[in-house]
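J.: Respectively, the protein sequence lines represent chains A and B.
Heads up, the first sequence is in numbering that gives the first Met the number 0, so the first residue is 0 and it goes up one at a time.
Heads up, the second sequence is in numbering that gives the first Met the number 0, so the first residue is 0 and it goes up one at a time.
2 protein chains.
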Amino acid sequence: MSELKGACIIGQSGGPTAVINASAQGAIEAALASPHITSVYGAAYGIKGVLAEQLYDMSKEDPAELAILKYTPSSALGSCRYKLANPDVDDTDYKRILEVFKKYDVRYFFYNGGNDSMDTCNKISKYMQKSGWECRVMGIPKTIDNDLFGTDHCPGFSSAAKFIATTCMEVHRDAHVYDTGMVTVIEIMGRHAGWLTAAAKVACASGYGPDLIYLPEVSFDMDKFLADVQRIYEKKGKCLVAVSEGIHYADGRFVSEAEVSATDGFGHAQLGGLAALLADIVKNKTGAKVRGIELSLLQRCASHCASNTDIEESYLTGKTAVEAAVSGSTDKMVAYDCTRKNGVYTCVTTLLDLASVANTEKKVPLDWITPEGNFLTDDVDAYILPLIQGEPERPLVNSLPRFAQLKKVLV
Amino acid sequence: MSELKGACIIGQSGGPTAVINASAQGAIEAALASPHITSVYGAAYGIKGVLAEQLYDMSKEDPAELAILKYTPSSALGSCRYKLANPDVDDTDYKRILEVFKKYDVRYFFYNGGNDSMDTCNKISKYMQKSGWECRVMGIPKTIDNDLFGTDHCPGFSSAAKFIATTCMEVHRDAHVYDTGMVTVIEIMGRHAGWLTAAAKVACASGYGPDLIYLPEVSFDMDKFLADVQRIYEKKGKCLVAVSEGIHYADGRFVSEAEVSATDGFGHAQLGGLAALLADIVKNKTGAKVRGIELSLLQRCASHCASNTDIEESYLTGKTAVEAAVSGSTDKMVAYDCTRKNGVYTCVTTLLDLASVANTEKKVPLDWITPEGNFLTDDVDAYILPLIQGEPERPLVNSLPRFAQLKKVLV
Chain A
0 MSELKGACII GQSGGPTAVI NASAQGAIEA ALASPHITSV YGAAYGIKGV
50 LAEQLYDMSK EDPAELAILK YTPSSALGSC RYKLANPDVD DTDYKRILEV
100 FKKYDVRYFF YNGGNDSMDT CNKISKYMQK SGWECRVMGI PKTIDNDLFG
150 TDHCPGFSSA AKFIATTCME VHRDAHVYDT GMVTVIEIMG RHAGWLTAAA
200 KVACASGYGP DLIYLPEVSF DMDKFLADVQ RIYEKKGKCL VAVSEGIHYA
250 DGRFVSEAEV SATDGFGHAQ LGGLAALLAD IVKNKTGAKV RGIELSLLQR
300 CASHCASNTD IEESYLTGKT AVEAAVSGST DKMVAYDCTR KNGVYTCVTT
350 LLDLASVANT EKKVPLDWIT PEGNFLTDDV DAYILPLIQG EPERPLVNSL
400 PRFAQLKKVL V
Chain B
0 MSELKGACII GQSGGPTAVI NASAQGAIEA ALASPHITSV YGAAYGIKGV
50 LAEQLYDMSK EDPAELAILK YTPSSALGSC RYKLANPDVD DTDYKRILEV
100 FKKYDVRYFF YNGGNDSMDT CNKISKYMQK SGWECRVMGI PKTIDNDLFG
150 TDHCPGFSSA AKFIATTCME VHRDAHVYDT GMVTVIEIMG RHAGWLTAAA
200 KVACASGYGP DLIYLPEVSF DMDKFLADVQ RIYEKKGKCL VAVSEGIHYA
250 DGRFVSEAEV SATDGFGHAQ LGGLAALLAD IVKNKTGAKV RGIELSLLQR
300 CASHCASNTD IEESYLTGKT AVEAAVSGST DKMVAYDCTR KNGVYTCVTT
350 LLDLASVANT EKKVPLDWIT PEGNFLTDDV DAYILPLIQG EPERPLVNSL
400 PRFAQLKKVL V
């Protein structure tokens, strides 16, 4: 493979995670250390920073601050949700990116994100090839949704899973404190894939897990749900339900949207989410005391409850992307290849073709969902448990988190 | 003071906290160790367990399990919200309690709770005195609301405060990740006292705190609130608001109730709380993208983010209650007497008359609230910071919490 010398740009995209900056740290540190990379630029707000020529000179950062990016949640460089057009239809953005790449002699582009970001990577790479500008493009995965194709799991998922399992255990204790009846519904992120909601199952081994778990992989039946809740409530006096925000009826309508429009003409869909809605329906049907809890942003930014396995693996994806590109790879996404045998977990990085990853969603296997569609098998525990191991040695000031303070010096 | 030998009952009452069991542990261990206490009973579900004669024999518990009560959130013995009648009007419950106390030779009664529980303690003590049954009654404080009179702070508050400050910092990062506008409203518990919401102020020192903070100690003005948000949003493109669930208009109406009934005839008050409601109002007024986040039960059960200072102090309140009672005290609540001088924090326990504590609410001093009523002074930091220090060495299994497993052997 030919040697390629030049600058690199590192960008972050899509919804943030608790450990997205661990990947950035891995990439930045590896790039700063590489003799082939002449300058290391961070893009402000992902690809938007490239288009706007807002690039930070990462060599100006204090290495000690870069070192605690691992423990700093939510994209330190800024993120965006910007989908590039099909270049055959509109190549304005691509021309501009090429212009910026040429101006700064950018020969390496590392983009950290989910499905859409891998699509962005792929499109940029193809355009550069067509234009004759040699530039190696690598995708670094990231998404709490865990829905990227071809990788055992996604950086960011494991820490969110750990927060969800921990919180389910704590809420279970709280929701069982009185001898009076109570139905508690916990709403968990995941519009199309139920991985995050599945993490609630991991709490069950302790005896403090949900009684019922509903994933978007199978259709939701309100009557069956109410019967499930009623049965458990009558037996135990309590019922804890974990539900994905993306549960939908057989006809595809999201329960959150369908029920709100059916019962409320004032368009109050934004007033409380699915948890509150389901709790309300349960209350009206059973008369039980209810509580709906939406984990909201907390599940994706709770770095205080991160998995150290996730942090170190995420760091590795960034580092691997840079090292692989310098060695000649391009058009790849870094992925995890894992084994779980006899209680021993191994994880190595591997490279996948970007084209095979972009815009493909990986869902929870249907045979991990019980036939009744309201609980999960122990396959979930075997899959998730190794991922949530380890407590980070995060820096604290006054017992509160100490986040990295970047100078963000514009070029 | 005369020596008194007999059994003791320990009960937990009211809403649980992350560290309520640390106080139970302190009381149980001290009682088991005391030569004056012949049997140590735990009341199932607080005073309801006394009335129903549902008492656990705490000597049957494994000391190793008792030892991790410190790290186990939410009342291990079960709790209740049961208000005793005025004994002059209806003494049925009191007669029954006396009957049970006599049957089990209960000479010590320790009750762990908030305002109402101190009232319960006080009433029971008075009745026992009137009946001639010698029984020493001690209140052990507990409430995340921090509104108990006469004590520097309340066990449980500090851990909730730490979770709130930590979470505000993490959510701040998440809510600032895009270069597009965003208004985020975080709803925090505290119906009448704003202590918990004040804890959000502590996040500000890091640069990741709320822009605006609204407490129930002062009246809320919706127009002024919207102007505050608009001003900051226009300047920064973002606005993070911390708001107490108990904010109210000048006429006393809770904002949550007043606004819902004004805009929605369908009684959807339970569909989402105040955060969602305010976010919706901001959205309609400013057009900004908004998000409402209700911290819900998480703020009172998140033992994974507890303050070790809170754990050890809570343990001490339980231990002190037993030791003081054995030494002759009765009709007292254990309180904290603290100093904060030149950055040095000290905390010793003291005893207050139950009668002086019961049914009196302590609120955030008005001069800690800025004249505009939308932020707090640094007095808050000086008060709260010492309380949230220290990370607990909590036991884990598979990187998830390991809670105490009590046998709960009924007598």
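The beta carbon of each residue, even a glycine, is placed where N, CA and C say it ideally should be.
For the putative contact between residue 214 (chain B) and residue 197 (chain B), defined by C-beta atoms under 8 Å, what is the C-beta separation to the nearest angstrom?
T.: Within the second sequence, residue 214 (chain B) is the residue found at index 215, counting from 1. Within the second sequence, residue 197 (chain B) is the residue found at index 198, counting from 1. Yes, residue 214 (chain B) and residue 197 (chain B) are in contact; Cβ-Cβ is about 7 Å, under 8 Å.
J.: Whose C-alpha, out of A:293, A:26, A:96, A:283, is nearest the C-alpha of residue 48 (chain A)?
T.: Taking the first sequence and counting its residues from 1, one reaches residue 48 (chain A) at position 49. The shortest C-alpha separation from residue 48 (chain A) is found at A:96.
J.: With DSSP as the reference, identify every bridge partner of residue 108 (chain B), one or two as the case may be.
T.: Taking the first residue of the second sequence as 1, we reach residue 108 (chain B) at position 109. Looking at the DSSP assignment, residue 108 (chain B) forms a beta bridge with B:8, B:136.
J.: With 9 Å as the limit, tell me which residues of the region 72-86 of chain A have their beta carbon closer than that to any beta carbon of chain B; keep them in chain order.
T.: Here the close residues are 72, 73, 74, 75, 77, 78, 79, 80.
J.: Okay, do the region 161-175 of chain B and the region 121-138 of chain B touch, 3+ Cβ pairs below 8 Å being the bar?
T.: Flag = no, the region 161-175 of chain B and the region 121-138 of chain B do not touch.
J.: Just to confirm the assignment, what range does the beta strand (DSSP E) spanning residue 332 (chain A) have?
T.: The residue given as residue 332 (chain A) occupies position 333 in the first sequence. Element bounds for residue 332 (chain A): 331-340.
J.: Could you confirm whether any beta carbon from chain A is found closer than 7 Å to the beta carbon of residue 388 (chain B)?
T.: Here the question's residue 388 (chain B) lines up with position 389 in the second sequence. With 7 Å as the cut-off, residue 388 (chain B) counts as an interface residue toward chain A.
J.: Going by the CB atoms, is the gap between residue 183 (chain A) and residue 239 (chain A) shorter than 7 Å?
T.: For this step, residue 239 (chain A) is matched to residue 240 along the first sequence. For this step, residue 183 (chain A) is matched to residue 184 along the first sequence. Yes, the Cβ-Cβ distance between residue 239 (chain A) and residue 183 (chain A) is below 7 Å.
J.: Give the secondary structure of residue 237 (chain B) by DSSP, where H, G and I count as helix, E and B as strand, and everything else as coil.
T.: Counting from 1 along the second sequence, the entry for residue 237 (chain B) is found at position 238. The answer is strand: DSSP assigns residue 237 (chain B) an E or B state.
J.: State the Cα-Cα distance for the pair residue 68 (chain A) and residue 38 (chain A), rounded to the nearest angstrom.
T.: Locating residue 68 (chain A) in the first sequence gives position 69, counting from the first residue. Locating residue 38 (chain A) in the first sequence gives position 39, counting from the first residue. Rounded to whole angstroms, residue 68 (chain A) to residue 38 (chain A) spans 20 Å at the Cα level.
J.: Using beta-carbon positions only, say whether residue 137 (chain B) and residue 331 (chain B) come within less than 7 Å of one another.
T.: In the second sequence, the residue the question calls residue 137 (chain B) occupies position 138. In the second sequence, the residue the question calls residue 331 (chain B) occupies position 332. Going by C-beta atoms, residue 137 (chain B) is nearer than 7 Å to residue 331 (chain B).
J.: Alpha carbon to alpha carbon, how far is residue 176 (chain B) from residue 61 (chain B)?
T.: For the purposes of this step, residue 176 (chain B) is taken as the residue at position 177 of the second sequence. For the purposes of this step, residue 61 (chain B) is taken as the residue at position 62 of the second sequence. Going by the C-alpha atoms only, they are around 49 Å apart.
J.: Suppose only complete runs of 4+ residues qualify. What are the alpha helix (DSSP H) ranges in the region 272-337 of chain A, listed by chain order?
T.: Runs found: 273-285, 297-300, 307-325.
J.: On the three-state DSSP scale, how would you describe residue 263 (chain B)?
T.: Position 264 of the second sequence holds residue 263 (chain B). Unreliable positioning characterises residue 263 (chain B) in this predicted model, as indicated by a pLDDT of 44, which lies under 50. The coordinate reading is nonetheless provided below. In the structure shown, residue 263 (chain B) sits in coil (DSSP, three-state: anything other than H, G, I, E or B).
J.: I'd like the span of the alpha helix (DSSP H) that includes residue 46 (chain B), first residue to last.
T.: As a first step, residue 46 (chain B) must be located in the second sequence, where it is residue number 47. Where residue 46 (chain B) is concerned, the enclosing alpha helix (DSSP H) stretches over 46-50.
J.: Starting from residue 354 (chain A) and walking both ways along the alpha helix (DSSP H), at which residues does that stretch end?
T.: Locating residue 354 (chain A) in the first sequence gives position 355, where the first residue counts as 1. Residues 353-356.
J.: Does the region 11-24 of chain B come into contact with the region 105-115 of chain B, if we say contact requires no fewer than three beta-carbon pairs (one atom in each stretch) closer than 8 Å?
T.: Enough Cβ pairs lie closer than 8 Å, so yes.
J.: Using a threshold of 7 Å, state whether the C-beta atoms of residue 160 (chain A) and residue 72 (chain A) are closer than that.
T.: Counting from 1 along the first sequence, the entry for residue 160 (chain A) is found at position 161. Counting from 1 along the first sequence, the entry for residue 72 (chain A) is found at position 73. Result no, Cβ atoms of residue 160 (chain A) and residue 72 (chain A) do not sit closer than 7 Å.
J.: Using three-state DSSP, classify residue 38 (chain A) as helix, strand or coil.
T.: As a position in the first sequence, residue 38 (chain A) is number 39, starting the count at 1. Strand at residue 38 (chain A).
J.: Along the chain, where does the alpha helix (DSSP H) that runs through residue 98 (chain B) open and close?
T.: Taking the first residue of the second sequence as 1, we reach residue 98 (chain B) at position 99. Taken as a continuous stretch (DSSP letters only), the alpha helix (DSSP H) holding residue 98 (chain B) covers 91-102.
J.: Apart from the five residues just before and just after residue 163 (chain A), which ones in its own chain have a Cβ nearer than 7 Å to its Cβ?
T.: Within the first sequence, residue 163 (chain A) is the residue found at index 164, counting from 1. Taken in chain order, the residues that qualify are 187, 195, 198, 199, 294, 298.
J.: Does the beta carbon of residue 397 (chain A) sit closer than 7 Å to a beta carbon anywhere in chain B?
T.: Start at 1 with the first residue of the first sequence, and residue 397 (chain A) comes out as number 398. It does; some Cβ of chain B falls within 7 Å.
J.: Do residue 316 (chain A) and residue 1 (chain A) count as a contact pair if the criterion is CB distance below 7 Å?
T.: In the first sequence, residue 1 (chain A) corresponds to position 2, counting from 1. In the first sequence, residue 316 (chain A) corresponds to position 317, counting from 1. Their beta carbons are not under 7 Å apart, which means residue 1 (chain A) does not touch residue 316 (chain A) by this criterion.
J.: Tell me which residues share the same chain as residue 281 (chain A) and place their Cβ nearer than 8 Å to its Cβ, disregarding the 5 neighbours each side in the sequence.
T.: To locate residue 281 (chain A), count along the first sequence from 1; it is residue 282. So the list reads 182, 184, 225, 228, 287, 289, once near-sequence residues are dropped.
J.: For residue 382 (chain B) and residue 144 (chain A), I'd like the C-alpha separation in whole angstroms.
T.: Locating residue 382 (chain B) in the second sequence gives position 383, where the first residue counts as 1. Locating residue 144 (chain A) in the first sequence gives position 145, where the first residue counts as 1. Cα-Cα distance, rounded: 40 Å.
J.: Using a Cβ-Cβ cut-off of less than 9 Å, list which residues of the region 290-307 of chain B approach chain A; keep chain order.
T.: Going along the region 290-307 of chain B in chain order, one finds 290, 291, 292, 293, 294, 295, 296, 297, 299, 300, 301, 302, 303, 304, 306, 307 with a Cβ nearer than 9 Å to chain A.
J.: Quick test of your reading: residue 388 (chain B) and residue 302 (chain B), contact by CB under 8 Å. State the CB separation rounded to the nearest angstrom.
T.: The residue given as residue 388 (chain B) occupies position 389 in the second sequence. The residue given as residue 302 (chain B) occupies position 303 in the second sequence. Actually they are not in contact, since the Cβ atoms of residue 388 (chain B) and residue 302 (chain B) sit about 16 Å apart, beyond 8 Å.
J.: What does residue 400 (chain B) pair with, by DSSP beta-bridge criteria?
T.: To locate residue 400 (chain B), count along the second sequence from 1; it is residue 401. Partner(s): B:395.
J.: I need the boundaries of the beta strand (DSSP E) containing residue 244 (chain A), first residue and last residue.
T.: In the first sequence, residue 244 (chain A) corresponds to position 245, counting from 1. No beta strand (DSSP E) holds residue 244 (chain A); DSSP gives it neither H nor E.
J.: Give the residues of chain A in contact with residue 172 (chain B), contact being defined as C-beta atoms less than 9 Å apart.
T.: Within the second sequence, residue 172 (chain B) is the residue found at index 173, counting from 1. Simply 15, 71, 72, 73, 74, 75, 300, 302, 402.
J.: Tell me which residues share the same chain as residue 380 (chain A) and place their Cβ nearer than 7 Å to its Cβ, disregarding the 5 neighbours each side in the sequence.
T.: Locating residue 380 (chain A) in the first sequence gives position 381, where the first residue counts as 1. For residue 380 (chain A), where only same-chain residues beyond five positions count, the Cβ hits under 7 Å are 200, 201, 204.
J.: Under 7 Å, do residue 6 (chain A) and residue 104 (chain A) count as touching if we go by C-beta distance?
T.: By 1-based counting over the first sequence, the position of residue 6 (chain A) is 7. By 1-based counting over the first sequence, the position of residue 104 (chain A) is 105. Yes. Within cutoff.
J.: Taking C-beta pairs closer than 8 Å, name the residues in chain B that residue 205 (chain A) reaches, listed in chain order.
T.: Locating residue 205 (chain A) in the first sequence gives position 206, counting from the first residue. The answer, in chain order, is 396, 399, 400, 401, 402.
J.: Which chain A residues sit within Cβ distance under 7 Å of residue 176 (chain B)?
T.: Your numbering for residue 176 (chain B) matches position 177 in the second sequence. 15, 73, 74, 77, 78, listed in chain order.
J.: State the CB to CB distance for the pair residue 135 (chain B) and residue 50 (chain B), rounded to an integer number of angstroms; the pair is presumed to be in contact (CB under 8 Å).
T.: Position 136 of the second sequence holds residue 135 (chain B). Position 51 of the second sequence holds residue 50 (chain B). That pair is no contact at about 20 Å.
J.: Rounding to the nearest angstrom, what Cα-Cα distance links residue 396 (chain B) and residue 371 (chain A) in this structure?
T.: On the second sequence, residue 396 (chain B) is found 397 positions in, with the first residue counted as 1. On the first sequence, residue 371 (chain A) is found 372 positions in, with the first residue counted as 1. Taking the straight line joining both Cα atoms gives about 30 Å.
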